[in-house]
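Inspection log for the structure reproduced underneath, given as structure tokens.
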Amino acid sequence: MEIFILPSEEAIGKAIADRIEEVFTARPQANLGVATGSSPLPTYRELIARVAAGRLSFKDSHFFMLDEYVGIAEDHPERYHNVIHTEIASQVDVKPENVHGPEGNAEDLQVAVKEYDQLIKDKGGVALQILGIGSDGHIAFNEPGGSLVSRTHVDTLTKQTRVDNARFFDDDLSKVPTHCVTQGLGTIMDAEELCLVATGANKAEAVAQMVEGAISAMWPATIMQMHPNAKVFLDEAAASKLK
Ligand code: F6R
Numbered sequence: 004m005e006i007f008i009l010p011s012e013e014a015i016g017k018a019i020a021d022r023i024e025e026v027f028t029a030r031p032q033a034n035l036g037v038a039t040g041s042s043p044l045p046t047y048r049e050l051i052a053r054v055a056a057g058r059l060s061f062k063d064s065h066f067f068m069l070d071e072y073v074g075i076a077e078d079h080p081e082r083y084h085n086v087i088h089t090e091i092a093s094q095v096d097v098k099p100e101n102v103h104g105p106e107g108n109a110e111d112l113q114v115a116v117k118e119y120d121q122l123i124k125d126k127g128g129v130a131l132q133i134l135g136i137g138s139d140g141h142i143a144f145n146e147p148g149g150s151l152v153s154r155t156h157v158d159t160l161t162k163q164t165r166v167d168n169a170r171f172f173d174d175d176l177s178k179v180p181t182h183c184v185t186q187g188l189g190t191i192m193d194a195e196e197l198c199l200v201a202t203g204a205n206k207a208e209a210v211a212q213m214v215e216g217a218i219s220a221m222w223p224a225t226i227m228q229m230h231p232n233a234k235v236f237l238d239e240a241a242a243s244k245l246k
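Just so we're aligned, residue 4 is where the sequence shown starts under my numbering, counting upward by one.
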């Protein structure tokens with residue numbers, strides 16, 4: 004795991020965008036793994052500016068999302084398909100039909116999750132996956148206690164994650180979905196390169212566990228220690244509990 008401690012969220016966004024520019028300039032048909040949440044937003048702003056400036060293009064790429072709520076209305080602004088469309092996909096030159104995510108409203112979710120894993124494989128896999136981390140160490144919606152080798156699957160959100168996300172649902176916990184579909188840790192580990200962002204003191208414990216803790220299903224992000232090309236981008240606060 005390579006650790007980069009940078010002075011600001013903007014600096015982190017630029018550093019990851021530099022890496023994406025490098026990979027996608029060398030391999031214009033590579034695929035990008037995109038995450039929702041606040042951590043990737045500075046990276047997205049940087050990518051949007053670079054595509055507008057003609058430095059970078061995603062016209063031959065596919066985007067693969069990590070996760071989605073189950074049972075959320077198709078037009079809900081917090082539906083992750085809509086979030087990714089708003090925050091990045093609609094503002095760069097990726098083709099709309101090349102933006103994919105696990106389907107939380109599929110008639111048969113068990114079939115849909117298998118099809119999603121297959122689609123990622125069929126399109127050549129993910130070259131670079133952007134990740135955030137939850138304060139409890141989750142990545143995507145892989146919560147503590149889940150399998151470290153899972154494929155895309157249906158899962159139950161923990162109370163902590165639902166409380167963390169209630170701010171996007173009128174601060175009303177009862178409006179936060181209870182289930183999700185998520186790439187499994189095994190699926191995420193198949194990406195050629197992982198770039199994880201964590202900022203702020205509330206991520207410090209999860210970061211310390213991820214980097215220095217024993218690999219454990221109780222801190223799902225610890226599996227990244229086994230990845231041959233994992234980069235972690237932190238601000239000082241998120242790095243504050245590292246030895
Ligand atoms: C998002 C996702 C989550 C977030 C994590 C951190 O697709 O899968 O694991 O990355 O909850 O969220 P933020 O970045 O909002 O702190």
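Beta carbons: idealized from backbone N, C-alpha and C, even for Gly.
Between the options, which lies nearest to residue i when the distance is taken from Cα to Cα?
i    : options                : result
R82  : P105, V95, F61         : P105
I226 : V114, S150, E110       : S150
A29  : R58, N85, P180         : R58
I50  : A18, M68, Q228, V184   : In the sequence on display, residue 50 carries Leu and not Ile. It is A18.
V157 : A224, L131, A109, G203 : A109
D63  : A92, V37, D96          : D96
P45  : K124, D238, K244, H230 : D238
A220 : N205, P147, M192, Q163 : P147
L245 : A169, E12, E208, G127  : E208
V15  : T159, F27, S42, E25    : The sequence as given places Ile at residue 15; Val does not occur at that position. Of the listed residues, the one whose Cα sits closest to I15 is S42.
K98  : F66, T39, A194, P80    : F66
R22  : S243, A233, N145       : A233
E25  : T89, R170, V102, R53   : R53
G260 : A115, G135, I91, K124  : Absent from the structure is residue 260, since the part of the chain shown begins at 4 and ends at 246.
D120 : T159, S60, T164, M192  : M192
Q94  : G127, G74, A55         : A55
L112 : S60, G74, K126, A204   : G74
T159 : N145, P80, L122, S243  : N145
I183 : G107, P80, H79, A38    : Looking at the sequence provided, one finds Cys at residue 183 rather than Ile. The shortest Cα separation from C183 among G107, P80, H79, A38 belongs to G107.
Q163 : F172, F171, S138, A143 : S138
I87  : D125, S60, R48, I123   : R48
F172 : W222, A38, H79         : H79
E3   : Q228, N168, A169, A204 : Past the edges of the chain, shown from 4 to 246, lies residue 3, and the structure says nothing about it.
T89  : A217, A241, A38        : A38
A143 : W222, S243, A242       : W222
I believe residue i touches residue j by the beta-carbon criterion, under 8 Å. Please report the beta-carbon distance rounded to the nearest angstrom.
i    : j    : result
G152 : L188 : The sequence shown places Val at residue 152, rather than the Gly named in the question. So it is a contact: roughly 6 Å between Cβ atoms.
L9   : T185 : That belief does not hold up - the Cβ atoms of L9 and T185 are roughly 28 Å apart, past 8 Å.
T155 : T190 : 5 Å
E71  : H84  : 7 Å
V235 : I6   : 5 Å
T202 : E12  : 6 Å
G140 : A194 : With a Cβ gap of about 19 Å, G140 and A194 do not count as contacting.
A92  : V102 : 5 Å
A240 : A204 : 4 Å
Taking 8 Å as the CB-CB cut-off, is residue i touching chain B?
i   : result
E12 : Judged by its chain identifiers, the structure shown contains no chain B, having just a single protein chain.
Is any heavy atom in the ligand GTP found nearer than 7 Å to the beta carbon of residue i?
i   : result
A14 : Only the ligand F6R can be found as ligands here, which leaves the ligand GTP out of the picture.
**Request:** Tell me, please, whether the stretch 209-218 touches the stretch 173-185 by the rule of three or more beta-carbon pairs shorter than 8 Å.
**Result:** The stretch 209-218 is not in contact with the stretch 173-185.
**Item:** Any heavy atom of the ligand F6R nearer than 5 Å to the CB - residues listed
**Value:** Checking every Cβ against the heavy atoms of the ligand F6R under 5 Å gives A38, T39, G40, S41, S42, L69, D70, G135, G137, A143.
**Request:** Entirely within the stretch 22-70 and at least 3 residues each: give me those beta strand (DSSP E) ranges in chain order.
**Result:** Secondary structure in the stretch 22-70: the beta strand (DSSP E) runs of 3 residues or longer, each lying completely within the stretch, are 35-37, 66-68 in chain order.
**Message:** Quick check for students: name the residue ranges of the alpha helix (DSSP H) that lie wholly in the stretch 207-232, counting only runs of 4 or more.
**Reply:** Assignment of alpha helix (DSSP H) within the stretch 207-232, counting only whole runs of 4 or more residues, yields 207-215 in chain order.
**Message:** Under 8 Å, with one C-beta from each stretch per pair, do the stretch 128-145 and the stretch 32-44 reach the 3-pair mark?
**Reply:** Between the stretch 128-145 and the stretch 32-44 there are three or more C-beta pairs closer than 8 Å, enough to call the two in contact.
**Asked** In the stretch 91-160, which residue ranges form an unbroken beta strand (DSSP E) of at least 3 residues, counting only runs that do not cross its ends?
**Response** Counting only runs of at least 3 residues, the stretch 91-160 fully encloses the following beta strand (DSSP E) elements, listed from N- to C-terminal order: 131-134, 156-159.
**Message:** My parser needs the beta strand (DSSP E) runs of 3 or more residues fully inside the stretch 162-187; what are they?
**Reply:** Whole beta strand (DSSP E) segments, 3+ residues: 182-185.
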